[in-house]
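A short write-up of the structure that comes next.
Numbering (our numbering), first residue to last: 54 to 772.
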């Protein structure tokens with residue numbers, strides 16, 4: 054959307070004839086592109102001496118490398134700079150205090166790309182923001198004060214050029230703002246690196262600006278869900294870990310198993326994770342300060358000690374009671390030049406050296422033969438053999454990082470972000486390690502934040518309509534739903550894990566649809582295979598010839614892009630407005646909210662987006678990532694017709710009840726998966742057959758027609 058008249062644009066391009074060098078020509082064109090695609094600014098707002106300038110850009114139309122975001126807001130003043138990047142009109146993600154002043158925009162762009170894939174389980178697409186502080190901070194007190202002040206400056210700069218919504222549902226533009234785009238009122242932020250305790254600051258500013266979201270603007274504040282208290286990120290990743298082991302025939306809630314971990318008990322993900330089973334045998338762990346070694350731990354005794362450390366206001370491995378560490382173990386300084394190794398530690402590490410320095414010891418720990426490797430701390434510790442340390446982009450851990458071929462863990466749980474490179478994940482998967490990706494394992498945190506925001510949007514409207522009388526009543530309704538929200542979030546983790554497991558089975562049996570589906574995504578410019586480490590044509594053909602399944606990390610990436618593509622198509626369709634889909638929409642809300650306010654949830658401002666997200670995840674999680682591609686290729690029909698018929702057949706076959714009964718059975722998990730695959734294959738074939746026969750568009754009123762067809766098919770089979 055250009056903010057310039059055509060004659061002005063033409064005048065500029067005509068004037069370029071006077072520029073003699075190609076480099077100057079390119080620079081001028083790029084600068085002009087920024088001006089041409091500037092959508093909003095607060096530059097003309099009356100201000101004091103501390104000038105903050107905010108500029109909103111239509112980034113997808115600016116000449117720059119991919120991936121190109123949907124919108125980008127740049128906030129500048131003399132003491133800070135910030136950027137907020139999003140990939141859609143309805144988007145959410147955290148705001149961080151960046152420590153990379155030279156290239157913080159690149160940092161945020163990389164993070165928002167990861168956020169995109171993580172956000173497929175929630176309503177909005179991905180966004181991310183970050184700010185830098187320009188002046189040098191010398192003391193802790195100065196750092197704490199200045200970080201909060203500049204965070205507030207960043208938030209104000211964002212809200213200066215963001216629309217709000219009035220009590221009647223009308224969109225209102227901010228004052229003193231130059232505006233060239235349409236309505237754009239959705240801006241939701243969250244805590245991130247360096248801003249974990251700042252949500253209340255953001256929400257206070259939101260209220261000062263009379264922003265329509267109120268304290269739903271920044272999730273996790275004093276009225277929101279406390280992620281560390283709920284342990285939701287760790288619990289979500291643990292659901293995936295449990296399923297990895299159950300698929301191998303082991304129940305880690307009952308059977309002892311060995312663990313190596315990155316992190317410490319004061320951390321949210323590591324600490325909560327290492328309390329989720331009383332049969333954990335944590336043999337080794339490390340953080341940025343210490344190395345913890347316990348060669349033969351007693352599961353229950355060590356669990357109680359870890360719980361004690363977790364309950365301290367802050368703790369490190371040095372607080373662990375040395376009397377409770379098994380023979381030969383101990384806590385050591387990560388920076389030590391020489392750490393003596395007992396015979397017990399040598400046996401655990403399978404090495405003969407009597408001493409190692411701290412970095413060598415961490416490498417040896419990462420190479421241990423262990424049941425579970427649990428990532429709960431910051432850093433990238435495994436790369437592929439083909440990758441250089443520079444390509445990894447985590448210089449602090451260059452001296453301890455190992456290659457994937459050296460890892461001997463049976464299962465990996467990625468509670469933390471970026472613990473492993475994607476190339477390394479693929480290598481690990483191919484060598485038999487059970488793992489997903491970080492954005493699959495640790496998606497529960499962002500998922501819970503999304504529930505918080507969407508429930509607050511509903512409750513705010515109910516309060517405006519006097520259906521909720523007081524602020525205390527609103528907060529009580531939100532908090533009483535906590536446990537049910539947690540269960541809904543954990544269910545999403547299980548669904549996504551099972552999708553990867555079932556698609557691994559599908560691709561091993563029938564590889565061609567996956568290979569062609571990937572080629573389709575690439576040819577449509579939906580997926581960049583180089584950016585996402587997708588196997589090339591030769592590698593895909595090699596997997597197919599060897600009768601190997603697609604590696605789980607590859608399947609995780611593909612399912613994200615398929616879901617994003619389907620969701621975006623649905624957002625442009627009228628399909629989501631049909632009452633038939635209320636059966637999918639209503640169970641999105643926790644039962645407590647549904648029981649109290651069922652008659653009012655249809656007024657939710659994001660109803661369409663919620664239905665689109667739930668529908669996209671439900672169909673793909675059940676039918677697989679190639680379902681839509683196969684149906685479209687074989688029938689020539691569009692997404693609406695395919696989804697309608699899938700839902701109709703699923704309804705007529707009582708598919709939801711059938712799947713629930715299969716998953717509750719005592720059959721081995723892989724057998725359960727095969728039954729579910731066979732069931733959805735039947736639906737897929739019926740969808741294809743009927744779409745090939747049906748010339749006129751189908752509607753949800755066709756249920757009776759489909760039931761007649763099912764009866765006819767049963768008669769044919771009987772005869």
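Beta carbons: idealized from backbone N, C-alpha and C, even for Gly. None of these values were measured; they are calculated from a predicted model.
Contact under 9 Å by Cβ, residue i with residue j
i           : j           : result
residue 167 : residue 470 : yes
residue 335 : residue 321 : no
residue 269 : residue 251 : no
residue 535 : residue 283 : yes
residue 381 : residue 396 : yes
residue 610 : residue 587 : yes
residue 265 : residue 218 : yes
residue 98  : residue 280 : no
residue 556 : residue 482 : no
residue 650 : residue 520 : yes
residue 426 : residue 464 : yes
residue 468 : residue 290 : yes
residue 558 : residue 723 : yes
residue 620 : residue 173 : yes
Buried versus exposed call for residue i [16 or more other C-beta atoms within 10 Å across all chains shown]
i           : result
residue 770 : The predicted position of residue 770 is uncertain, since its pLDDT is 49 and thus under 50; no value can be drawn from it.
residue 32  : Residue 32 lies beyond the stretch modelled for the chain, which goes from 54 to 772, so this question has no answer here.
residue 772 : Low per-residue confidence applies at residue 772: pLDDT is 45, beneath 50, and the placement is therefore not dependable enough to give any value.
residue 367 : exposed
residue 197 : exposed
residue 54  : Model confidence at residue 54 stands at a pLDDT of 49, short of 50, so the residue's coordinates are unreliable; what they give is reported in the following sentence. Classification of residue 54: exposed, given that the 10 Å Cβ count is below 16.
residue 137 : buried
residue 192 : exposed
residue 646 : buried
residue 365 : exposed
residue 84  : exposed
residue 60  : exposed
Where the alpha helix (DSSP H) containing residue i begins and where it ends
i           : result
residue 713 : 708-716
residue 547 : 535-562
residue 93  : No alpha helix (DSSP H) contains residue 93, which is instead part of the beta strand (DSSP E) from 91-94.
residue 109 : Taken as a continuous stretch (DSSP letters only), residue 109 belongs to no alpha helix (DSSP H), being part of the beta strand (DSSP E) at 106-110.
residue 418 : 411-419
residue 480 : 475-483
residue 728 : 722-746
residue 578 : From DSSP, residue 578 is part of no alpha helix (DSSP H); its letter is neither H nor E.
residue 671 : 660-676
residue 498 : 497-517
Limits of the unbroken beta strand (DSSP E) element including residue i
i           : result
residue 183 : 178-186
residue 149 : 144-150
residue 312 : 310-315
residue 249 : That residue, residue 249, is in no beta strand (DSSP E); it is neither H nor E in DSSP.
residue 243 : 241-243
Residues bridged to residue i [DSSP beta-bridge criterion]
i           : result
residue 636 : Bridge partners of residue 636: none, in fact.
residue 136 : 127, 183
residue 401 : DSSP output for residue 401 lists no bridge partner at all.
residue 610 : The partner list for residue 610 (beta bridge, DSSP) is empty, contrary to what the question assumes.
residue 386 : 343
residue 428 : 315, 467
residue 232 : 93
residue 263 : DSSP output for residue 263 lists no bridge partner at all.
residue 530 : BP columns for residue 530 are empty, so no partner.
residue 338 : 314, 345
residue 218 : 224
Proximity to residue i [Cα-Cα], best of the options
i           : options            : result
residue 316 : 431, 351, 310      : 431
residue 295 : 330, 193, 379, 244 : 330
residue 654 : 669, 498, 201, 636 : 636
residue 243 : 566, 644, 493, 503 : 503
residue 278 : 538, 120, 217      : 538
residue 211 : 188, 240, 190      : 240
residue 129 : 656, 602, 496, 209 : 209
residue 693 : 192, 344, 227, 627 : 627
residue 454 : 474, 468, 583, 465 : 474
residue 376 : 350, 303, 592, 81  : 350
residue 127 : 145, 105, 147      : 105
residue 238 : 195, 145, 190      : 145
residue 451 : 428, 485, 486, 413 : 413
residue 511 : 79, 484, 222, 117  : 222
residue 666 : 698, 507, 410, 562 : 507
CB contact check: residue i to chain C, cutoff 9 Å
i           : result
residue 735 : In the displayed structure, chain C is absent; only one protein chain is listed.
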